[in-house]
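S.K.:
What follows is the structure, given as structure tokens:
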């Protein structure tokens, strides 16, 4: 959409609250992550559950992404509708309607490479039955988890047993590799957490090596990926290659939040220098009921809050004058209201710019995203598509 095609109220007095995506920061992050992965000899399969927005995914693929990662079968269908030919579902798919959908996607697209995770004989049996004799097989990755964590087998022996069963499954599925998720640990980079992340990476690497005789694909996949510890993953990949020279291996990183970054949890934890926060929310000050307090017209329906409350980046008056001395701290959030305390230089009718934490919890709240330039002018409107 060209800016001249936008309704006049979108170009001048835009409706608030509004999710804004700064295009220059997005483009920068896409290039930076692509270059970083090439430098470290890993393939990037970004987890697009963060955005589920076609123009964002197009940019990631154009920059060289190996494929895309999704969370659900429905998201896989959306990605396929965008023309994506390699999709990794970072979950075990067990529901009959979801498995039927995967079979249809594979039957309709011989060029589609579709991966999903397994962590149990029951899950393997369900996938095998649904995909039996499919001409385009479903590729299976044994998921390795951690005790007390999320899904996944708990040790190498269990991984081998499941992999051996998958290798003997009827035609329609392929034993294609191993997957883990180091982000199950807290998003802090203290010594204990890094040691736990490294231990998990080593366990997944040991499982991958142990299953080598069982793979039924020419290039088995070793996949890990959150956005907090990709540096520890690439260290594990390098060590795996050093210890097992010549081992067939496609190392696949599933990080996703890098693409927009944030002003909160990933700004504090990401090991990639130079990422730029691309997302903000513009919202109006509705009330200043007490000295030092302001109520903003955006809340849980509009703002991520699972990994920290938003931060106030700036403000301007209703007439557009910057509030140079603005200061405020987000203290409490309701459905459509955010309470700011320690407020300075804010008045009713002002517009505040809020930086968010955890982009995975932002896009699914908005049907429209205002794509803005560095001056804040809207250049396009994008639409997330989660199903």
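Numbering (the UniProt record's numbering), first residue to last: 1 to 387. All C-beta atoms, glycine included, are put in the ideal place defined by N, C-alpha and C.
(1) Specify, as a first and last residue, the run of the alpha helix (DSSP H) that residue 203 falls within.
(2) Tell me which same chain residues have a C-beta within less than 7 Å of the C-beta of residue 139, skipping the five on either side of it?
(3) What is the DSSP secondary structure of residue 5, counted as helix, strand or coil?
(4) Where do the ends of the beta strand (DSSP E) carrying residue 177 lie?
(5) Whole-angstrom Cβ separation of residue 204 and residue 43, contact assumed at under 8 Å?
(6) Indicate whether residue 102 and residue 93 have their beta-carbon atoms separated by less than 8 Å.
(7) By Cβ distance below 7 Å, which residues in the same chain neighbour residue 316 in space, the five residues on each side in sequence not counted?
(8) Apply the 10 Å Cβ neighbour rule to residue 118 and answer buried if 16 or more other Cβ atoms are within range, or exposed otherwise.
(9) Do you know whose CA, among 183, 127, 130 and 122, lies nearest residue 145's CA?
(10) Measuring alpha carbon to alpha carbon, tell me which of 79, 376, 147 and 259 ends up nearest residue 36.
(11) Determine which residues share a DSSP beta bridge with residue 380 and list them.
(12) For residue 1, I'd like the list of residues in its chain whose CB is within less than 6 Å of its CB, leaving aside the five on either flank, ordered along the chain.
(13) Excluding the five sequence neighbours on either side, which residues of its own chain have a C-beta within less than 6 Å of the C-beta of residue 444, listed in chain order?
(14) Find the nearest neighbour of residue 253 within the set 100, 156, 346 and 222, judged by alpha-carbon distance.
(15) Is residue 238 near the ligand FMN, in the sense that its beta carbon is under 7 Å from a heavy atom of that ligand?
(16) Going by DSSP in three states, residue 242 sits in which element: helix, strand or coil?
(17) Pair every Cβ in the region 82 to 97 with every Cβ in the region 281 to 292, then say whether three or more of these pairs are closer than 8 Å.
(18) Run through the DSSP bridge pairs and tell me what residue 38 is partnered with.
(19) Smallest Cα separation from residue 209: which of 196, 246 and 53?
(20) Of the residues 386, 96, 267 and 121, which one's Cα is nearest the Cα of residue 160?
(21) From residue 280 to residue 125, what does the alpha carbon distance come to, in whole angstroms?
(22) Would you mind giving the Cβ-Cβ distance between residue 357 and residue 261, rounded to the nearest angstrom? I have them listed as a contact below 8 Å.
(23) Using the beta-carbon count (16 or more within 10 Å), is residue 53 buried or exposed?
M.R.: Let's see:
(1) Following the DSSP letters along the chain, one finds residue 203 inside the alpha helix (DSSP H) bounded by residues 191 to 210.
(2) Here the set comprises 113, 114, 115, 174, 176 and 217.
(3) Any reading at residue 5 must be qualified, since the residue scores a pLDDT of 48, below 50, and its modelled position is unreliable; the value itself is stated next. Of the three classes helix, strand and coil, the one that applies to residue 5 here is helix, per DSSP.
(4) Unbroken beta strand (DSSP E) run through residue 177: 173 to 180.
(5) Contact doesn't hold; Cβ gap of about 16 Å is too wide.
(6) The beta carbons of residue 102 and residue 93 sit closer together than 8 Å.
(7) 322, 323, 350 and 351.
(8) Buried.
(9) Minimum Cα distance to residue 145 is reached at 183.
(10) Distances from the alpha-carbon of residue 36 to those of 79, 376, 147 and 259 put 259 closest.
(11) Under DSSP, residue 380 forms a beta bridge with 371.
(12) Interpretation of residue 1 is limited by its pLDDT of 48, a score under 50 that renders its predicted location unreliable; no figure is taken from the coordinates.
(13) This structure cannot settle anything about residue 444, because the visible part of the chain is limited to 1 through 387.
(14) Ranking the options by Cα distance to residue 253, first place goes to 222.
(15) The ligand FMN is absent from the structure shown, which contains no ligands of any kind.
(16) Note: residue 242 maps to helix in three-state DSSP.
(17) Touching, no, given that fewer than three Cβ pairs across the two stretches are closer than 8 Å.
(18) According to DSSP, residue pairing for residue 38 in a beta bridge does not occur.
(19) Here the closest residue by C-alpha is 246.
(20) Closest option to residue 160, Cα to Cα, is 121.
(21) In this structure, the CA atom of residue 280 is about 45 Å from the CA atom of residue 125.
(22) Between residue 357 and residue 261 the beta-carbon gap is near 11 Å, outside 8 Å, which marks them as no contact.
(23) Buried: at least 16 other Cβ atoms inside 10 Å.
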